[in-house]
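Below you'll find the structure, written out as structure tokens, and then a few comments.
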Amino acid sequence: MAYAPRNRQFKIRWKIALPLLVLLLLCVYFFAHLLFQPAPEDTRYAICSFSPPQTEEKLNQTFEDTYLLSDYLFYGESLSLLQTAYDVEKSDDIVGKTVELVDVCDQDHTYQLSMEGSVDRKLPLDELEPGFYEVYVVDQLVRKRAVYAIDLHDDHFTTTKRNGKVHRISLIADRSLLKDFDVTLQDRYLFLEVKEEKPNQDDYDIMLDPSEYNKDYTNYVERGGEGNGVMEYEENYQAALELKAALEKYGLRVGITRDQMEDVVNTYGRKGRLAKAYQSNARYYFHIGLQEDASASVHGMEIYYSSHASAVLANALLYDLKANTELEGNPMYVYDEKTVGVIALEQYTGMDGRTVYDNDMVIREAGGKATQAGMYSENTVKGTASFAKDNLYGMQAISIYYGYVSNADDMNYWKANRKQIMEATAASIAKSLRVEESEE
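Numbering-wise, this note's numbering comes out as the position in the sequence shown, counting from 1, plus 174.
Laid out in structure tokens, this is it:
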């Protein structure tokens, strides 16, 4: 009888095989992770769309010729760069020179701008496109790289809202800017960065200040002039509402210093009109009102601007209002036949003996450091110095008086055409600020 081997069944010993299988899978995952994992992200400092190494290459430059700056300030949307500490009585060395901005992100993107004497005629920030700019000064035909006296990182300033966006302006000067690369720059080279971002809806571009309904110096509420069927404080407030609505059609963020017609709001103080404007980060301040005179024959529009600024914005307002309404300038103030009614403020002598202070307290105190806010008198020291004196972010302020409550012709035209006048004012402001009507 032949031998027949027994049929044996193969059995997996799972207690041994399962741990080996898990170990094998873990080994496969581990080696695959090592082979295919992405390179670690380079988190070092970078600008524009450059990689960190490209950023180092672009910024790690040296320059033989330099121009030392030691101060700066903003007025409206104009940036003053200064060689010496700001002195309102002296012309800085940079006045009359050309400042050149060269975009590191795009070398073909360059601005050349002449520094004028007026605080609103410096670097026009509203014209700059997003970029990371090197700053040069052309001094006696020599192109010099701008450097700053101390470390500087200031990114507080944002421009007026245009096309639904604002630009954040940063001033940067720091030898350790490339510390991520273990690089120390040769000097504190000044850079100006412009970034586009969404606007903060809690900020304003423009603050409107309807004149009157305050009691700055007495307990008596100032209601303004009254005559020819007009009570000034009421008219000013209604005009501000209409001007606000007209400006908002251009997408501008607009505030009013008085929340309601009969809110008593003083000019000075932490709860005053000026403080509210500074807190809102407004760039422009328009004080609107009417005038009054003992003589009923005095008539016409008056537009006032700071003695430290140019007449450009005031002249544009006058020109547009004359072109689009029947308003005319007050003929008592004739400095130029083309600009009748546009008036530079007189300079008064302050308690420090300097004759440098605008005689309109609203325009003076709204301008921050540029117009020497918070320094004129004991009242201004108490009332605005804590938030306005040495404030680098001054508002460009204009006072517009549309006519005289004491003149019948002025008030008859005003009452019949106030809304049209406010729409014309808004259109002029928007044009000067290079803001187009919003589609939002």
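Glycine residues also receive a C-beta, built at the ideal position from the N, C-alpha and C atoms.
Please read these numbers as outputs of a predicted model, since none were measured by experiment.
(request) State the DSSP-derived secondary structure class of glutamine 453, mapped to helix, strand or coil. (result) Working through the sequence shown from its first residue, we reach residue 453 at position 279. Correct three-state label for glutamine 453: helix.
(request) Pair every Cβ in the region 468 to 477 with every Cβ in the region 440 to 456, then say whether three or more of these pairs are closer than 8 Å. (result) no
(message) With the cut-off set at 7 Å, would you say tyrosine 307 and arginine 317 are in Cβ contact?
(response) Translated into positions along the sequence shown, residue 307 becomes position 133. Translated into positions along the sequence shown, residue 317 becomes position 143. Not a contact, by the Cβ cut-off of 7 Å.
(message) For valine 311, list the residues DSSP reports as bridge partners.
(response) Residue numbering aside, residue 311 sits at position 137 when the sequence shown is read from its first letter. In the DSSP output, where bridge partners are listed per residue, valine 311 has Val273 and Lys318.
(request) Could you check if asparagine 565 is buried or exposed, using at least 16 other CB atoms within 10 Å of its CB as the buried criterion? (result) Within the sequence shown, the letter at position 391 stands for residue 565. Asparagine 565 comes out buried.
(request) Evaluate contact between the region 381 to 393 and the region 420 to 438, counting only Cβ atoms and requiring at least three cross-stretch pairs below 8 Å. (result) yes
(message) Just to confirm before moving on: does the CB-CB distance between aspartate 354 and arginine 538 stay below 7 Å?
(response) Translated into the one-based positions of the sequence shown, residue 354 becomes position 180. Translated into the one-based positions of the sequence shown, residue 538 becomes position 364. No. Outside cutoff.
(request) Look up asparagine 388 in the DSSP assignment and give the residues it is bridged to. (result) For the purposes of this step, residue 388 is identified with residue 214 of the sequence shown, where counting begins at 1. The partner list for asparagine 388 (beta bridge, DSSP) reads Glu396.
(request) Can you tell me which of His473, Leu287, Ser606 and Ile574 puts its alpha carbon nearest to the alpha carbon of leucine 253? (result) Position 79 of the sequence shown, counting from 1, holds the residue named residue 253. Out of His473, Leu287, Ser606 and Ile574, Leu287 has the C-alpha closest to the C-alpha of leucine 253.
(message) Less than 7 Å between the C-beta atoms of tyrosine 442 and methionine 569, yes or no?
(response) To locate residue 442, count along the sequence shown from 1; it is residue 268. To locate residue 569, count along the sequence shown from 1; it is residue 395. No, Cβ-Cβ distance for tyrosine 442 and methionine 569 is not below 7 Å.
(request) Give the DSSP-derived three-state secondary structure of glutamate 409 in the structure shown. (result) The count along the sequence shown starts at 1 and reaches residue 409 at position 235. Of the three classes helix, strand and coil, the one that applies to glutamate 409 here is helix, per DSSP.
(request) Please report the residue range of the alpha helix (DSSP H) in which glycine 524 lies. (result) Taking the sequence shown and counting its residues from 1, one reaches residue 524 at position 350. Unbroken run through glycine 524: none, as it is neither H nor E.
(message) Going by C-alpha to C-alpha distance, which of Thr545, Asp280, Asn489 and Asn586 sits closest to threonine 229?
(response) Counting from 1 along the sequence shown, the entry for residue 229 is found at position 55. Checking every option, the nearest Cα to that of threonine 229 belongs to Asp280.
(message) Buried or exposed, going by whether 16 or more other CB atoms sit within 10 Å of the CB of serine 223?
(response) Numbered from its first residue, the sequence shown carries residue 223 at position 49. By the neighbour-count rule (16 or more Cβ atoms within 10 Å), serine 223 is not buried but exposed.
(message) For the pair the region 403 to 417 and the region 592 to 605, tell me if three or more CB-CB distances fall below 8 Å.
(response) yes
(request) Would you kindly work out how many angstroms separate the C-alpha atoms of alanine 544 and aspartate 216, rounded to a whole number? (result) To locate residue 544, count along the sequence shown from 1; it is residue 370. To locate residue 216, count along the sequence shown from 1; it is residue 42. Alanine 544 and aspartate 216: Cα-Cα distance of roughly 43 Å.
(request) Please report the residue range of the beta strand (DSSP E) in which threonine 240 lies. (result) On the sequence shown, residue 240 is found 66 positions in, with the first residue counted as 1. Where threonine 240 is concerned, the enclosing beta strand (DSSP E) stretches over 240 to 243.
(request) Could you spell out the range, first to last residue, of the alpha helix (DSSP H) harbouring arginine 538? (result) As a first step, residue 538 must be located in the sequence shown, where it is residue number 364. Arginine 538 -> alpha helix (DSSP H) spans 535 to 540.
(request) Would you tell me roughly how many angstroms separate the C-alpha atoms of valine 536 and threonine 358, rounded to the nearest one? (result) Indexing the sequence shown from 1 puts residue 536 at position 362. Indexing the sequence shown from 1 puts residue 358 at position 184. Roughly 46 Å between the two C-alpha positions.
(request) Measure the Cβ-Cβ separation of arginine 457 and threonine 334 and say whether it is below 7 Å. (result) In the sequence shown, residue 457 corresponds to position 283, counting from 1. In the sequence shown, residue 334 corresponds to position 160, counting from 1. Yes, Cβ-Cβ distance for arginine 457 and threonine 334 is below 7 Å.
(message) For valine 609 and lysine 372, I'd like the C-alpha separation in whole angstroms.
(response) Counted from its first residue, the sequence shown places residue 609 at position 435. Counted from its first residue, the sequence shown places residue 372 at position 198. If you take the alpha carbons of valine 609 and lysine 372, they lie about 16 Å apart.
(request) Give the secondary structure of glutamine 570 by DSSP, where H, G and I count as helix, E and B as strand, and everything else as coil. (result) Taking the sequence shown and counting its residues from 1, the one referred to as residue 570 is at position 396. Of the three classes helix, strand and coil, the one that applies to glutamine 570 here is strand, per DSSP.
(message) I'd like to check one pair, methionine 585 with valine 472: are the Cβ atoms closer than 7 Å?
(response) Start at 1 with the first residue of the sequence shown, and residue 472 comes out as number 298. Start at 1 with the first residue of the sequence shown, and residue 585 comes out as number 411. No. Outside cutoff.
(request) Assign aspartate 506 to buried or exposed, taking buried as 16 or more other Cβ atoms, counted over all protein chains shown, within 10 Å of its Cβ. (result) For this step, residue 506 is matched to residue 332 along the sequence shown. The amino acid at residue 506 is misidentified as aspartate; the sequence shows methionine. Methionine 506 comes out exposed.
(request) With DSSP as the reference, label proline 298 as helix, strand or coil. (result) Along the sequence shown, one-based indexing puts residue 298 at 124. Note: proline 298 maps to strand in three-state DSSP.
(request) Take aspartate 583 as the anchor and find which of Asn402, Leu275 and Gly542 has the nearest alpha-carbon. (result) Counting from one through the sequence shown, the residue named residue 583 turns up at place 409. Taking only the C-alpha atoms, the option nearest aspartate 583 is Asn402.
(request) Just the C-alpha distance for tyrosine 363 and asparagine 388, rounded to the nearest angstrom, thanks. (result) Sequence index remark: in the sequence shown, residue 363 carries index 189 (1-based). Sequence index remark: in the sequence shown, residue 388 carries index 214 (1-based). Computed Cα separation, rounded: 48 Å.
(message) List, from N- to C-terminal side, the alpha helix (DSSP H) runs of 4 residues or more that fit wholly inside the region 576 to 602.
(response) none
(message) Between methionine 405 and the ligand NAD, is there a pair consisting of the residue's CB and a ligand heavy atom that are separated by less than 6 Å?
(response) Ligands displayed in this structure: none; no statement on the ligand NAD is therefore possible.
(request) Note down the Cα distance separating leucine 352 from asparagine 234, rounded to an integer number of angstroms. (result) To locate residue 352, count along the sequence shown from 1; it is residue 178. To locate residue 234, count along the sequence shown from 1; it is residue 60. If I take the Cα positions, the gap works out to 8 Å.
(message) If I measure Cβ to Cβ from glutamate 408 and keep anything under 8 Å in the same chain, skipping five residues before and after, which residues do I get?
(response) Numbered from 1 along the sequence shown, position 234 holds the residue referred to as residue 408. Correct list, in chain order: Met435.
(message) What does the alpha-carbon distance come out to for the pair threonine 499 and glutamate 231?
(response) The count along the sequence shown starts at 1 and reaches residue 499 at position 325. The count along the sequence shown starts at 1 and reaches residue 231 at position 57. Cα to Cα, the separation comes out at about 57 Å.
(request) Identify, in the order they occur along the chain, each residue of the same chain with its Cβ nearer than 7 Å to the Cβ of aspartate 575, setting aside the five sequence neighbours on each side. (result) The sequence position of residue 575 within the sequence shown is 401, counting from 1. The sequence as given places tyrosine at residue 575; aspartate does not occur at that position. Excluding sequence neighbours, tyrosine 575 sits near Gly463, Leu464, Gln465, Met475 and Glu476.
(request) Measure from the alpha carbon of alanine 323 to the alpha carbon of each residue in Ser244, Gln314, Leu501 and Ser385, then state which is nearest. (result) To locate residue 323, count along the sequence shown from 1; it is residue 149. The shortest C-alpha separation from alanine 323 is found at Ser244.
(request) Label histidine 330 either buried or exposed according to how many other C-beta atoms from any shown protein chain fall within 10 Å of its C-beta, with 16 as the threshold for buried. (result) Translated into positions along the sequence shown, residue 330 becomes position 156. That one is exposed.
(request) Could you pull out every residue in the same chain whose Cβ sits closer than 7 Å to the Cβ of glycine 305, ignoring the five residues on either side in sequence? (result) Along the sequence shown, read from residue 1 onward, the residue named residue 305 stands at position 131. Once the five neighbours on either side are set aside, the close Cβ partners of glycine 305 are Asp277, Cys279, Asp280, His283 and Val368.
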